[in-house]
Structure formats: C-alpha cells, structure tokens
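Step one of this worksheet: look at the structure below.
Protein chains: 2
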Amino acid sequence: MKTASEKVVHRLILYKKLLKNFQSKSVRNIFSHNLAEHASLNPAQIRRDLMLVGYDGSTVSGYNVNDLLFCIEKFLYPNEIQNVALIGLGNLGKSILDYCYGRHPIIAINAIFEKDPNKINRIICGTRCYHIDDLEIIVKKNSIKIAIIAISSSVTETIAKRLIECGVKSIINYSNACLSFPAEIYVENRDMMFAVEKAAFFSKKEKEI
Amino acid sequence: MKTASEKVVHRLILYKKLLKNFQSKSVRNIFSHNLAEHASLNPAQIRRDLMLVGYDGSTVSGYNVNDLLFCIEKFLYPNEIQNVALIGLGNLGKSILDYCYGRHPIIAINAIFEKDPNKINRIICGTRCYHIDDLEIIVKKNSIKIAIIAISSSVTETIAKRLIECGVKSIINYSNACLSFPAEIYVENRDMMFAVEKAAFFSKKEKEI
DNA sequence: ACATGTGAAAGTTTTCACAGCG
DNA sequence: CGCTGTGAAAACTTTCACATGT
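Each protein sequence line maps, in turn, to chains Z and L. Position in the first sequence (first residue = 1) + 866 = our numbering. Position in the second sequence (first residue = 1) + 866 = our numbering.
Here it is as structure tokens:
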C-alpha cells in the first residue's frame, strides 16, 4: 500500500480544512494555486500530495471541491469509528474536549479518565468520566486505539504503559514527560513550552538582506 | 551567522530538557548514544546537532552535562528577557498559563488579554489580565514579540493582524483559524484536531512484515 | 491560453563510516 | 579500545519545467 509520510498527512489534513472552508462558502471548483496561496505552499507540492489520494483534477476547472474532499477523507479516515480516550480533566483536558466536540464525523473522544472523585461519572460534552482505575476495562471494551494525555508529568509514564498494554496504538502527550516507546506506537509529544521556545528563537531572526 | 532549521531547534530544546533531567539526577557526563536512546534518535544526528552550539565533547567521557546545557541555552536563548502575550483566558489559556508558569528563566507570559469584564485586572499566576482593547498599548510598552492565541477562531485573524501591527514577530495559534502572514513572521498553527487526526491515521498502520 | 500530472533536478535531512584521539 | 567530529553517501522532500489535454 502507498505510504504517506507524517508531513504529507499533515498537509492533507490542512487541505481538508481549507476545502471545508471553501465548501461552506459554496465554492465549487478550485485550482492548486488557490490552495497553495491559503496554505502558504508551492502549487506543485499540492498537486503532488493530491496524487496520493487518487483524484484527478481537470486542466480546465481544477479540482471539484466536493469530490476532492471526499477523496481526501477516504484516504485519511479509518474505516470504522475511532474512539479516543482523554486522560485528565483539568483545564487542558476540558479545553481539548471542548475543542474536539462534534468536530469530526469519525473520530471522537469517547471516555475521560480522572482520579478526582468529584469528576467521576459526570458526563461532559456527551462523554462519561471514569475512574482511572477502570482504564483497562473501558479502553478494551471500546477498542480505543488513541489516547490524549493531559495530566502532569509525574504519572504520565505509568499511564502511557498501561494504555499501550491494553491496545492503544497512538498517544498524544501534552505532559512535560518525554515518552519513548516501541516504534510501532505513534507518539506525538506536545510539550507546550517547545512552541514558545521555538517562537522565541525565531523571533530573534532579523530580516535577511 | 549560522542558521538553524526549525527541526534542529526543536531537537536542541529536547536535548536541553533531557539534560536538565540528567542534571537533576546528578549525572555528570553523558554520551551521544545515551541522549540518542532517550530522544529516539540516531547518535550521529545528536553529534551533528551539537556541532552547532559550539561545545566539544571528550572522546573519553562524552559531554559534560552542565557545560553542554550552558552552551545549548546560550545558543537558544535570546539575550534579553522575552515577554509573551496570552490572548484568551478560557480553559486553554489557563492551562497554558499554568503550564508555562515559572518554567523558563528568560521567557515568561507577561500579559493576558480578555474581553470578559470579570477577568480583567485580575492577576493569575503573577500575570495581569488586560482588556483586549489595551492590546496595542501593553504590547508596545512591554516590547512583546511573542503571542499565544488561545481563543476561538472567529476573531483570530483580526487579533493576529493587530499583534503584528504593533511589533509581534512570532505567533502560536491554538485556534481553529488558518493564519497566513508575511514570511518574516513565525507562525505556529497548533489546531489540536490535527494531532488527533494524525494519530488516527497512523494508528491504522499495521506492523511491517 | 492555462492547469494538471509527473520525470527529473535541486535542496534538505539523516545516516554511515572512519580518521583521530585520549 | 570506544568515543567524538565530520566528509561523504543515502534518503527524503520540495521545486522546476514541460508534455499533455481541453
């Protein structure tokens, strides 16, 4: 099967988002240079990326927005519904829940885990909050393959191990901990300080001559 | 001056984090393969990255943790204190504030902007919350060059324009909006749905044969 | 004309592999 | 020895440029 690098997948998700915008503005057709402008990319790159999803544009009217969207989604989305576990319902957990709620037709947060007794068994954004001790049962029962870790770093490693133990294949880690795992697990470390430090580094950059 | 790509900068920040961990465990010296293991990278890459920061290890004892840290920090950090503006004090804004608080010796969130009157003039994590109308005054007064946008998408574009107008050079955008700006502005779009969609895509991936 | 799809070139990043050193 | 620093190769990514189609 065709492989796609993380970069290409990222851009395809971006095109999907841009196309949805165009769709909502009733734009019917679009050219690679239109997408390129909005994505700050080279048109050739967009054409090359789109080769992957198997939809051919027309040299006259470019790409049909609806059809292209359909093909990108078909390429990106898994066949069945993807359940996601959220670990931690602090400020960050709440904002993630809120942000993801109703955003995606196939992927949805399906279970929240906490240790705070006040939060357990409450339903927030349609999602039940379970005790962290029930992690294994619920993750297995719902065939959860994706987890978002939104807790502080001290227990992150243990939780991540438990998640993988019961079948999770991808982890998005917002905690401060650096997780390293077998290569077949997809780990995205999103320590928020990194973005700020990078921004600081590149804000020094003066204009080239 | 030596240029560093975003990728290299990202890894240097990672090394710094790992080195701080080693430092706190009183580890004195470290080899490239130790760092490589913790960062899930190739030792040669680490050695090459470290060439940039101008600190030479010893073939016998590898790198001195303190000295290397010092050199990486010198390379990464700006000369003066970097003030950061946070736009939006919802759940996400609060979690970012909390997360960054006291984390960094040089970079700190220095001003929060909101439109909710209940939040204005309160001080959270040592940081004052201002009315969004005072953006220009405060950003200029504090020479703020970095902004974190943690509000919903509808007003993001306008706010980003205003920020750039008054001197901001780097923007970290957590909203749903796709911002595109002149090349000299560093923009990091961190739509949280992207991470989840990527995770979903790559969790499909089966083990290679 | 003008836009697509794509072979080939250019550019970037990663890894190999080895000289050289304590 | 077993490490570092690094030239050179390999791998990957982006861009150019053009044949082709309407």
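Beta carbons: idealized from backbone N, C-alpha and C, even for Gly. Since the structure is predicted, the reported quantities are computational estimates derived from the model, not experimental observations.
Proximity winner among the options, relative to residue i (alpha-carbon distances)
i	options	result
Phe1047/Z	Ala1065/L, Ser906/L, Gly954/L, Ala951/L	Ser906/L
Asn932/L	Ile953/L, Val950/L, Asn949/L, Lys891/L	Lys891/L
Lys1006/L	Asn949/L, Asn945/L, Lys886/L	Asn949/L
Lys985/L	Ile1004/L, Glu1023/L, Cys995/L	Cys995/L
Leu934/Z	Ala1049/Z, Ile912/Z, Phe979/Z, Ala1013/Z	Ile912/Z
Ala1016/Z	Tyr1040/Z, His997/Z, Ile1025/Z	Tyr1040/Z
Asp982/Z	Gly968/Z, Cys966/Z, Ile953/Z, Asn976/Z	Ile953/Z
Cys1044/Z	Val893/Z, Leu942/Z, Glu1054/Z	Glu1054/Z
Ile947/Z	Ile973/Z, Val919/Z, Tyr965/Z	Ile973/Z
Leu884/Z	Lys873/Z, Val874/Z, Thr869/Z, Asn900/Z	Asn900/Z
Thr1022/L	Phe979/L, Ile879/L, Lys1011/L	Phe979/L
Glu939/Z	Arg1028/Z, Leu1029/Z, Tyr881/Z, Glu903/Z	Tyr881/Z
Tyr1052/L	Phe1060/L, Gly1033/L, Phe1067/L, Phe1068/L	Gly1033/L
Arg914/L	Tyr965/L, Arg969/L, Val874/L	Val874/L
Asn1042/Z	Arg969/L, Ser1069/L, Ala1065/L, Lys1011/L	Arg969/L
Leu1029/Z	Ile1014/Z, Ser1018/Z, Ser1020/Z	Ile1014/Z
Ile1010/L	Ser898/Z, Ser1018/Z, Lys1070/Z, Leu916/Z	Lys1070/Z
Lys1064/L	Leu918/Z, Phe888/Z, Ile1012/Z	Ile1012/Z
Val919/L	Tyr943/L, Ile998/L, Asn1008/L, Cys966/L	Tyr943/L
CB contact check: residue i to chain L, cutoff 7 Å
i	result
Ser1041/Z	no
Ala1065/Z	yes
Val893/Z	no
Gln948/Z	yes
Phe1060/Z	yes
Ile1017/Z	no
Tyr881/Z	no
Ile962/Z	yes
Pro1048/Z	no
Ser898/Z	no
Residue burial classification, residue i (beta-carbon count within 10 angstroms, cutoff 16)
i	result
Asp1000/Z	exposed
Ser1082/L	This structure gives no information on residue 1082/L, because the portion of chain L shown stretches from 867 to 1075.
Glu1031/Z	exposed
Asp922/Z	exposed
Lys1073/Z	Only weak support is given to the placement of Lys1073/Z: the predicted model assigns it a pLDDT of 41, under 50, and the value that follows is read from those uncertain coordinates. Classification of Lys1073/Z: exposed, given that the 10 Å Cβ count is below 16.
Val1062/L	buried
Thr1024/Z	exposed
Arg877/L	buried
Ala1077/Z	Any property of residue 1077/Z remains undetermined from this structure, which presents chain Z solely from 867 to 1075.
Ser1036/L	buried
Asn987/L	exposed
Met1058/Z	buried
Asn854/L	Chain L is shown only over 867 to 1075; residue 854/L falls outside these bounds and no answer can be derived.
Ala951/L	buried
Met867/L	Note that Met867/L has pLDDT 47, beneath the 50 cutoff, so the model's placement of it is unreliable and no number is given.
Ser1020/Z	exposed
Ile879/Z	buried
Val893/Z	exposed
Lys886/Z	exposed
Ile1003/L	exposed
Neighbour flag for residue i against chain Z, beta carbons, 7 Å
i	result
Val875/L	yes
Tyr921/L	no
Arg969/L	yes
Pro909/L	no
Lys981/L	no
Asn957/L	yes
Lys1073/L	Any answer about Lys1073/L is weak, because its pLDDT of 41 lies below 50 and its placement is not dependable; what the coordinates show is given next. By this cut-off, Lys1073/L is an interface position.
Tyr1052/L	yes
Tyr965/L	yes
Leu885/L	no
Ser1009/L	no
Lys1035/L	yes
Ile938/L	no
Glu1012/L	In the sequence on display, residue 1012/L carries Ile and not Glu. Answer yes: the Cβ-Cβ gap between Ile1012/L and chain Z drops below 7 Å somewhere.
Lys1070/L	yes
Ser871/L	no
Ile1038/L	yes
Leu942/L	yes
Ile973/L	yes
Ser924/L	no
Ala890/L	The sequence given here has Ser at residue 890/L, not Ala. Judged by the 7 Å Cβ criterion, Ser890/L is not in contact with chain Z.
Ser927/L	no
Near the ligand SAM: residue i beta-carbon under 6 Å from a heavy atom
i	result
Lys985/L	What this structure holds is no ligand at all, so the ligand SAM is not there to describe.
- Message: Any contact between the stretch 988–996 of chain Z and the stretch 927–934 of chain Z? By contact I mean 3 or more CB pairs, one from each, below 8 Å.
- Response: no
- Message: Under 8 Å, with one C-beta from each stretch per pair, do the stretch 955–974 of chain Z and the stretch 949–967 of chain L reach the 3-pair mark?
- Response: yes
- Only counting runs of 4 or more residues, tell me where the alpha helix (DSSP H) segments fall wholly within the stretch 943–1023 of chain L, in order along the chain. 957–966, 1001–1007
- Where in the stretch 883–953 of chain Z do unbroken runs of the beta strand (DSSP E), each at least 3 residues long, occur, reported from the N-terminal end onward? 948–953
- Mind pulling the alpha helix (DSSP H) runs of 4 or more residues that sit fully within the stretch 1014–1069 of chain L? 1022–1031
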